[in-house]
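What follows is a set of notes on a single structure, which appears directly below.
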Amino acid sequence: MSYKNFPMVPRVIFGRGSFNQLSELLSPNRLSNAAPFIFLVDDVFRTEINVTSRIPISYQDRIVYVSTKEEPKTSQVDALVEDIILTSKERPSGIIGIGGGSILDLAKAVAIMLTNEGNAEDYQGWDLVKNKAIYHVGIPTISGTGAEVSRTTVLTGPTRKLGINSDFTPFDQVVLDPEMTNGAPKEQWFYTGMDCFIHCVESLKGTYLNAFSRTYGEMAYNICKEIYLDGKLSKKEAQDKLMMASWHGGMSIAYSQVGVAHAMSYGLSYLLGTKHGIGNCIVFNHLEEFYSEGVKLFKKMVEIHNIKLPTGICADLSDKDLDTMIGIALSLEPLWENAVGKNWKKIITPKKLKALYIKM
Ligand code: NAD
Ligand code: ZN
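Numbering-wise (the working numbering), the sequence shown opens with residue 586 and increments by one.
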């Protein structure tokens, strides 16, 4: 098929306080009293009674708190799946992820691995998943990644950082309740929000651009400017709009691709464990050559919000480490093709990436 036929999230609820409707959304999907709903919840909410007391637990349902100190790993998905199988009488009715991109991705991956044999690493790549995932629901608590709407779940495996991209990956239901983002720490709000901004720049400046991606991308790009540059919105308006920017930014890359910042930040993440939002910011700050207007605006936003980006994170790396990062970055071919064009290999050499990395 020359045009891709993408699945989208079939059901979404939007509104402040819509989290309170979770029980109504879940109950028609309960398979039996012995088939639990498993709530994967960011550890940060363990002591947030306002959130935990509203998670609708009945029968054998379980809350599993997950630390997001590190981003999701294939081994972590496998361990969660094993634990769920061992502790549930029947195959679960559904998996509900409550958290940022890390938890949303874990929820998607666990839902897939409950119905597919083998290990999560076997499915990193494109269209390798054979069986439909179990019912899964995403409830973002910080906005920007677009993981709530995307067709991928990004995982670090033994040899690479790569998503499980499949028609079975998107959520069956998403709950967009901007109040859930109330507690997001300021720096993280900036980094994750900039992930959205960078998605838009990479999509809008990419060679894969088309009207589908452009319309979503422009919408999200303008919202990011409104929030992070103009600063005239109230906190509530900004929360509401950022949640929609994240959605649209994710939709924009669905039908195109990300670009240079993501390719290089995957290298940082793989070697140094640098997290996605901050890693993209560290890289993007040095990409004037590829995205001059976007980087100019980004620097302004960094200044306005008084963000201190880490520097010198690659200064002491050995040549071997640099080569590992460069290898990871260069392996993401579609990202480079989108960013630079079909002949990208002529322009993007290991030497060029090394020069960029050591500036970071
Ligand atoms: P995250 O989920 O790692 O969360 C970042 C931090 O914010 C964590 O410490 C978390 O505890 C905290 N946090 C989140 N919500 C909070 C709240 N309401 N109150 C207090 N603290 C809160 O960060 P992220 O930037 O949302 O996600 C990054 C991950 O998303 C990466 O693993 C990345 O690979 C993935 N990602 C996936 C896609 C996709 O399409 N699947 C796209 C982009 C990024
Ligand atoms: Zn991203």
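Beta carbons: idealized from backbone N, C-alpha and C, even for Gly.
Could you compute how far the alpha carbon of residue i sits from the alpha carbon of residue j?
i, j, result
"proline 603", "valine 760", "Checking the sequence shown, residue 603 turns out to be serine, not proline. Near 7 Å, if we compare the C-alpha coordinates of valine 760 and serine 603."
"glutamate 667", "aspartate 712", "23 Å"
"valine 722", "glycine 679", "8 Å"
"glutamate 811", "alanine 848", "27 Å"
"proline 755", "methionine 593", "7 Å"
"asparagine 701", "valine 714", "7 Å"
"asparagine 870", "isoleucine 783", "11 Å"
"lysine 936", "serine 877", "21 Å"
"glycine 703", "phenylalanine 883", "42 Å"
"leucine 699", "methionine 836", "26 Å"
"phenylalanine 630", "lysine 930", "45 Å"
"proline 613", "arginine 647", "18 Å"
Here's the rule: buried if 16 or more other CB atoms are within 10 angstroms of the residue's CB, otherwise exposed. What is residue i?
i, result
"phenylalanine 591", "exposed"
"glutamate 874", "exposed"
"tyrosine 806", "buried"
"proline 657", "buried"
"leucine 671", "exposed"
"tyrosine 588", "exposed"
Beta carbon of residue i: closer than 7 Å to some heavy atom of ligand 2?
i, result
"histidine 861", "yes"
"histidine 847", "yes"
"valine 651", "no"
"threonine 672", "no"
"histidine 784", "yes"
Is there a Cβ from chain B that is less than 8 Å from the Cβ of residue i?
i, result
"alanine 620", "Among the chains of the structure shown, chain B does not appear; only one protein chain is present."
Return yes when the C-beta of residue i is under 7 Å from any heavy atom of ligand 1, and no when it is not.
i, result
"proline 770", "yes"
"glutamine 661", "no"
"methionine 765", "yes"
"alanine 732", "yes"
"glutamine 773", "yes"
"aspartate 627", "yes"
"glutamate 656", "yes"
Verify the contact flag: residue i, CB atom, against every heavy atom of ligand 3, threshold strictly below 7 Å.
i, result
"valine 843", "The ligand content of the structure shown is limited to ligand 1 and ligand 2, which means ligand 3 is not among them."
| Touching or not, the region 741 to 754 and the region 704 to 711, by the rule of three or more beta carbon pairs under 8 Å? | yes
| Inter-stretch contact at 8 Å, needing at least 3 Cβ pairs: the region 676 to 692 / the region 722 to 741 | yes
| message | Check whether the region 791 to 808 and the region 886 to 895 touch, using three or more Cβ-Cβ pairs below 8 Å as the test. | response | no
| said: Three Cβ pairs or more, each shorter than 8 Å: is that satisfied between the region 782 to 789 and the region 841 to 855? | reply: yes
| query | Quick check: the region 817 to 837 against the region 729 to 745, are there 3 or more CB pairs under 8 Å? | reply | yes
| request: Mind listing, in chain order, the continuous beta strand (DSSP E) runs of no fewer than 3 residues lying wholly within the region 748 to 796? | output: 758 to 761
| Does the region 918 to 932 come close enough to the region 889 to 905 that 3 or more CB-CB pairs lie under 8 Å? | no
| said: Suppose only complete runs of 3+ residues qualify. What are the beta strand (DSSP E) ranges in the region 596 to 660, listed by chain order? | reply: 596 to 599, 622 to 627 and 647 to 651
| query | Below 8 Å, can you find three or more Cβ-Cβ pairs linking the region 606 to 619 to the region 766 to 780? | reply | no
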